[in-house]
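Participant: Following this message is one structure expressed as structure tokens.
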């Protein structure tokens, strides 16, 4: 049966792990898309198209085991996937949008990059063809993120009858940074995105940056940007000799309050809280961060700021503990392995310099444990969220929702969440270690009543667009475009 609502993303809602007996264990994931699709109901004719990411996934597809209702998993050549995913999506597009390059040395767009770009194009083509084949007449398709930026344009050529949307979960680079890409690649990316009827972004800042890139990189193609008072912003461009508009909108994904509050009160979270309290010690305040060891999360500078706090404000020694949960990410890329090692080394240095019997200044955990993360949320006196650049950052929104006694939020002005939470957060420049240390001091010193009041307002702002509504808002806006 042809699908009427389709979602495309690199990672799907299910993955397959081989058991010892050779059978496969299907493991379901979570997140905003899962919640969003569940909100439209089982009779909506929805289909989730995703890639087989692991050997277990590919085995499931080839054995016909990957038959999860409402999910189509694509078995794309492993080399093509690796070059598209690691070579382009994670090593180029992620770095561009998060402005991570050390520009005296990188990027280098050489023959290897061109080979990987061909793979990225093939990867997007596989998704476009699958969507074209599975979509019913006039169906709605919402494509997710930077991995699949070319899909809207490719799908538009194959199925002009479809209503096509794309949502960016990352920041969007400003035009002067985006212009580091080879001109033809920048043009192909933007035109691929403009194949959509509507593009969604997490904040107005990222939306405006996309518009500015179109105006700059496509200025010789009669592309114009519009910001009318009574209509959504748009980019006008020409297709087959005819003008068409791609409309732009903002959907600031919020925290799932009901899920978080229920999940954080389960027995396993209580057990983790007891263990953490034992590690922290009595009558001490806690600074909590929960991140992947992603370069953009700025964990190293966060640790440096904490060390500066202990150096400059000795009154906090033995009175505060930094719970730093840094879960390894993208360890198949050398730069990420090196960064993860640097985080561990710095935490060890701080503990060696300031630690005393009965007080460990930094408690670092690197094994992913969701229940332990929720336990830390509940215990946090201060949440440190200091990315150098982040599309949104849901940790900043989740901690106030779960916090037991109220939590001061130290928040980078470069996080997308800053747009919604800045009134009640303590704002920091993520590059300013001394300034961040002073912000931590201010957060630790905040009176309990003020901290509780701020937490209530932060929680309300953080949950204004929960995942189910976030997806439905995109769907409805696309249908109305």
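Numbering (the numbering used here), first residue to last: 480 to 960.
Even for Gly, the Cβ is constructed at its ideal location relative to N, Cα and C.
Keep in mind the model is a prediction, meaning the values are calculated, not measured.
Using the beta-carbon count (16 or more within 10 Å), is residue 583 buried or exposed?
Facilitator: Counting Cβ neighbours within 10 Å, residue 583 comes out exposed, since fewer than 16 surround it.
Participant: In three-state DSSP terms, what is residue 708?
Facilitator: In this structure, residue 708 counts as coil in the three-state DSSP scheme.
Participant: Please confirm if the stretch 922-929 is in contact with the stretch 867-882, defined as three or more CB-CB distances below 8 angstroms between the two stretches.
Facilitator: Short answer: they don't touch.
Participant: On the CB-based measure, 16 or more other CB atoms within 10 Å of its CB, does residue 508 come out buried or exposed?
Facilitator: Residue 508 is exposed by the Cβ-count criterion.
Participant: On the CB-based measure, 16 or more other CB atoms within 10 Å of its CB, does residue 603 come out buried or exposed?
Facilitator: Residue 603 comes out buried.
Participant: Checking the sheet assignment: what are the DSSP bridge partners for residue 715?
Facilitator: Answer is 703, 724, bridged to residue 715.
Participant: Compute the Euclidean distance between the alpha carbons of residue 565 and residue 812, then round it to the nearest angstrom.
Facilitator: The straight-line gap from Cα to Cα measures roughly 8 angstroms.
Participant: Identify, in the order they occur along the chain, each residue of the same chain with its Cβ nearer than 7 angstroms to the Cβ of residue 909, setting aside the five sequence neighbours on each side.
Facilitator: Same-chain partners within the cutoff: 777, 780, 865, 866, 867, 891, 893.
Participant: Give the DSSP-derived three-state secondary structure of residue 682 in the structure shown.
Facilitator: Correct three-state label for residue 682: coil.
Participant: Starting from residue 651, follow its DSSP beta bridges and name the residues at the other end.
Facilitator: Answer is none; residue 651 lacks a bridge partner.
Participant: How long is the line joining the alpha carbons of residue 705 and residue 679, rounded to whole angstroms?
Facilitator: Roughly 16 angstroms separates the two Cα atoms.
Participant: Would you list the one or two residues that DSSP bridges to residue 530?
Facilitator: Per DSSP, 553.
Participant: Identify the continuous alpha helix (DSSP H) that holds residue 862 and give its terminal residues.
Facilitator: Residue 862 -> not in any alpha helix (DSSP H); beta strand (DSSP E) instead, spanning 861-864.
Participant: Label residue 757 either buried or exposed according to how many other C-beta atoms from any shown protein chain fall within 10 Å of its C-beta, with 16 as the threshold for buried.
Facilitator: Per the 10 Å Cβ criterion, exposed.
Participant: Note down the Cα distance separating residue 713 from residue 692, rounded to an integer number of angstroms.
Facilitator: So the alpha carbons of these two residues sit roughly 13 angstroms apart.
Participant: Indicate whether the contact test is met: 3 or more Cβ pairs, each with one atom in the stretch 625-644 and one in the stretch 597-612, closer than 8 angstroms.
Facilitator: Yes, since at least three Cβ pairs between the stretch 625-644 and the stretch 597-612 fall closer than 8 angstroms, the two stretches touch.
Participant: Beta-carbon within less than 8 angstroms of residue 569's beta-carbon, same chain only, minus the 5 sequence neighbours each way: which residues are those?
Facilitator: Cβ neighbours of residue 569 beyond the five flanking positions: 809, 812.
Participant: Is residue 772 helix, strand or coil when you go by DSSP?
Facilitator: Residue state, collapsed to three classes: coil.
Participant: How long is the line joining the alpha carbons of residue 482 and residue 619, rounded to whole angstroms?
Facilitator: Whole-angstrom Cα-Cα distance: 9 angstroms.
Participant: Can you grab the Cα-Cα spacing for the pair residue 937 / residue 900, in whole Å?
Facilitator: When rounded, the distance between both Cα atoms is 6 angstroms.
Participant: Could you tell me if residue 880 is buried or exposed, where buried requires 16 or more neighbouring beta carbons within 10 angstroms of its beta carbon?
Facilitator: Label assigned to residue 880: buried.
Participant: Alpha carbon to alpha carbon, how far is residue 649 from residue 573? Give it in angstroms, no decimals.
Facilitator: Each residue's alpha carbon lies about 8 angstroms from the other.
Participant: Please name the residue or residues paired with residue 494 in a DSSP beta bridge.
Facilitator: Answer is 506.
Participant: Can you give me the C-alpha to C-alpha distance between residue 684 and residue 690, rounded to a whole angstrom?
Facilitator: Rounded to the nearest angstrom, the two C-alpha atoms are 10 angstroms apart.
Participant: Buried or exposed: where does residue 708 fall if 16 or more other Cβ atoms within 10 Å of its Cβ makes it buried?
Facilitator: Exposed, by the Cβ-count rule.
Participant: Is it true that the stretch 720-737 meets the stretch 825-835, where meeting means three or more beta-carbon pairs spaced less than 8 angstroms apart?
Facilitator: No: the two stretches stay apart, fewer than three of their Cβ pairs being nearer than 8 angstroms.
Participant: Checking 9 angstroms against the spacing of the C-beta atoms, do residue 575 and residue 659 come in under that value?
Facilitator: Contact: yes.
Participant: Using a Cβ-Cβ cutoff of less than 7 angstroms, which residues in the same chain neighbour residue 559 once the five nearest sequence positions on both sides are dropped?
Facilitator: 598, 601, 602, listed in sequence order.
Participant: Measure how close the beta-carbons of residue 477 and residue 676 come, nearest whole angstrom, since I'm counting them as under 8 angstroms.
Facilitator: The shown model of the chain, from 480 to 960, leaves out residue 477, and the question about it has no answer.
Participant: How would you call residue 932, buried or exposed, if buried means at least 16 neighbouring beta carbons within 10 angstroms?
Facilitator: Label assigned to residue 932: exposed.
Participant: When DSSP labels each residue in this structure, what does residue 910 get in the three-state scheme?
Facilitator: Residue 910 falls in the coil class under three-state DSSP.
Participant: For residue 798, name the three-state secondary structure that DSSP assigns.
Facilitator: Here residue 798 sits in coil by DSSP.
Participant: Taking the CB atoms as reference points, tell me whether residue 882 and residue 804 lie closer together than 9 angstroms.
Facilitator: Not closer than 9 angstroms, so no.
Participant: So the candidates are 687, 636, 635; which of them puts its Cα closest to the Cα of residue 653?
Facilitator: Looking at the Cα atoms, 687 is the closest of the given residues.
Participant: Let me know if residue 562 comes out buried or exposed under the rule of 16 or more other beta-carbons within 10 Å of its beta-carbon.
Facilitator: Burial call: buried.
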